[in-house]
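What follows is one structure encoded as structure tokens, with my remarks underneath.
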Ligand SMILES: Nc1ncnc2c1ncn2[C@@H]1O[C@H](COP(=O)(O)OP(=O)(O)OP(=O)(O)O)[C@@H](O)[C@H]1O
Ligand SMILES: [Mg+2]
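Chains as they are written, first to last, in my numbering: chain V, 1 to 296; chain D, 297 to 575.
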């Protein structure tokens, strides 16, 4: 897979500091994602994950560099890139179907009311909310609200799905169910997706590639981890896979120590422009590196 | 705890009403002190003073008079003799007109101020100075420039209704949650559609609060304004009945002013309930 669908090229973001001067959240940040791929980004709180996602969404602009999607630099929000917000961001005065239909009618302005409703209904059923169409968000549980957010994002059939810790506020059971649903939908439709998470197991289950971000300020992409687990993995028996612990330990080790120390002991040959791609497996002879050795 | 709170509250309300009316009745039906009254003063105070009854009408007098008004609320026998219903209609009409004009100015104006930090800063000093001015202080200027007492009253209503609505609308619009605006942005919703589908519903409860404050102030002010400009309206009616020394009618007017004010407020409260969303 070489078609770089999304490419983040040397972006930087600075914020003014309270006492004058400015903090650099990150600068010269590079990484890319392929079409139909599910990427997760993990890193400690405050390192700038939401900032990256907002730049991809077009809600925020980088101070330097560009984010390119499908060959075009991102200049603002687009219907091609749907966002699932951490706080679900439903419109409380609209019903479930009203919220989804609002997105659908924004996407296809010339559609008839019936057609809009039909599309909205289809996606409400897809996320398992049939029978709740006319409820207001205040009458829904946290998990159901998040489902509406998912239905709303998917209903506009975006090219890219952007998710900012969509499940972090949910209980483990609901989170698991929603992860299953999101994975099923993304696999079925070949959806390109980018997700922020703090949950290592969530990343292992959902992601094809995991971007590791070091602590801020001046955060960097330490490496890109390729998921060695098979594509038909199931959430409940993830841990039975031989490569599971290798991958999990690699991620945990990064979060626990390397995210902090990476900056001080940058590996030889590290290039910001081509963060190393690693593939942790139980079998140490498995090939390492990939993108890093390929040409830009 | 066998009876509901509503029921117990109603019983208590009725009891308070009964005690109040009874006290009022007892206090005004005393047949004392005619002898001690200076005959000149008694003459001045009118017939009631010499018949041994208190000059203050009792609840029965007021009740009888209310029935009389109810039988013919809208009669019109010249400038100084109009039915109380007709007078009320004049007042409500003026309030509605001035208030509607204020809504037309305040809601779009508030949107502008709420959406633009520049306009907000630029207009803020004017609003801060104009807001605390008693609406009646505008009256002479209005009379001088407009030269029509009835229109001047409407102008005064307009000016007093304006500020709470303007300020609340601006505040409501400025504090629409960023995440809802981001939803609109990611959906590429054009500005006008965004104003009507996101900002207006999000700010509606705050706007309605401003509208409720305004209608309350407008109803307070109309009585005073009509006392000043005269001619028609419930304010003029109160003043005229005071000049006629008809305390009964004055009491009835007070009661009616309260009732209408409550109805106006309740009407807007109903609209407010309709646009309020649980969060
Ligand atoms: N408007 C702002 N003004 C100043 N600093 C900001 C602003 N927004 C974000 N920051 C800073 O930018 C850094 C990155 O923020 P960001 O929200 O991207 O972090 P994050 O990685 O998403 O964290 P979390 O995991 O807690 O959500 C933080 O250190 C934060 O303090
Ligand atoms: Mg964040």
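Heads up, the beta-carbon is just placed ideally off N, CA and C, and yes, glycines get one too.
These figures come from a predicted structure and were not determined experimentally.
Ligand 2 approaches residue 50 of chain V closely enough that one of its heavy atoms is under 8 Å from the residue's Cβ. Among the CB atoms of chain D, none fall inside 9 Å of the CB of residue 135 of chain V.
The contact set of residue 15 of chain V on chain D, defined by CB atoms closer than 8 Å, is empty, because the minimum CB distance reaches about 16 Å. Excluding five sequence positions before and after residue 138 of chain V, the CB atoms of its chain that fall closer than 8 Å to its own CB belong to 92, given in chain order. When 8 Å is used as the limit between beta carbons, residue 552 of chain D is near no residue of chain V, the shortest such separation being about 37 Å. Annotation for residue 127 of chain V: no alpha helix (DSSP H) segment contains it, and DSSP assigns it neither H nor E.
Residues of chain V whose Cβ lies closer than 8 Å to the Cβ of residue 485 of chain D are, in chain order, 106.
Identification of chain V residues near residue 413 of chain D by a Cβ-Cβ cut-off of 9 Å yields none; the smallest Cβ-Cβ distance measures about 17 Å. In this structure, the C-beta of residue 23 of chain V approaches ligand 1 to less than 8 Å from one of its heavy atoms. A distance below 7 Å between beta-carbons, with the five flanking residues on each side excluded, links residue 376 of chain D to the following residues of its chain, in chain order: 536. Assignment of residue 186 of chain V by DSSP, reduced to helix, strand and coil, places it in the helix class. Between ligand 2 and residue 196 of chain V, a heavy atom-to-CB distance of less than 8 Å is present. Secondary structure note for residue 30 of chain V: its beta strand (DSSP E) is the uninterrupted segment 22-34.
Comparing alpha carbon positions, the residue from V:208, V:88, V:134, V:253 closest to residue 474 of chain D is V:88. With contacts defined as CB atoms closer than 9 Å, residue 37 of chain V and residue 209 of chain V qualify as a contacting pair. In terms of Cα proximity to residue 541 of chain D, the closest of D:470, D:351, D:313 is D:351. Distances from the CB of residue 47 of chain V to the heavy atoms of ligand 1 include at least one below 8 Å. Of all C-beta pairs linking the region 75-90 of chain V to the region 146-157 of chain V, three or more are shorter than 8 Å, placing the two stretches in contact. The C-alpha of residue 553 of chain D is placed about 50 Å away from the C-alpha of residue 484 of chain D.
Cβ contact annotation for residue 371 of chain D (same chain, cutoff 6 Å, sequence separation greater than five): 379, in chain order. In this chain, the alpha helix (DSSP H) harbouring residue 426 of chain D covers 413-426. Distance from residue 15 of chain V to residue 22 of chain V at the Cβ level is roughly 6 Å; contact confirmed, criterion being Cβ atoms closer than 8 Å.
Contact between the region 254-264 of chain V and the region 238-246 of chain V is absent: fewer than three C-beta pairs spanning the two stretches fall below 8 Å.
Look at residue 483 of chain D here: in three-state DSSP terms it is coil, with no helix or strand label.
In terms of side-chain proximity, the C-beta atom of residue 421 of chain D is found no nearer than 8 Å to any non-hydrogen atom of ligand 1. Contacts with chain D at 9 Å (Cβ-Cβ) include residue 156 of chain V. Chain D places a beta carbon closer than 9 Å to that of residue 91 of chain V, counting this residue as a contact.
The beta carbons of residue 187 of chain V and residue 81 of chain V sit about 20 Å from each other, so the pair does not count as a contact at 8 Å.
By the neighbour-count criterion, in which a residue is buried when 16 or more other Cβ atoms sit within 10 angstroms of its Cβ, residue 120 of chain V is buried. Remark: the C-beta of residue 16 of chain V is in contact range of ligand 1, defined as less than 8 Å to any heavy atom.
Counting only unbroken stretches of 3 or more residues, the beta strand (DSSP E) elements lying wholly within the region 132-205 of chain V are 160-164, 192-196, in sequence order.
Here residue 219 of chain V really is in contact with residue 48 of chain V; their C-beta atoms are around 5 Å apart, less than 8 Å.
Distance from the C-beta of residue 58 of chain V to the nearest heavy atom of ligand 1 is not below 8 Å. Residue 103 of chain V has its alpha-carbon roughly 26 Å from the corresponding atom of residue 34 of chain V. Annotation for residue 217 of chain V indicates a beta carbon within 8 Å of some heavy atom of ligand 1. For residue 77 of chain V, the C-beta contacts it makes with chain D under 7 Å involve 481, 482, 484, in order along the chain.
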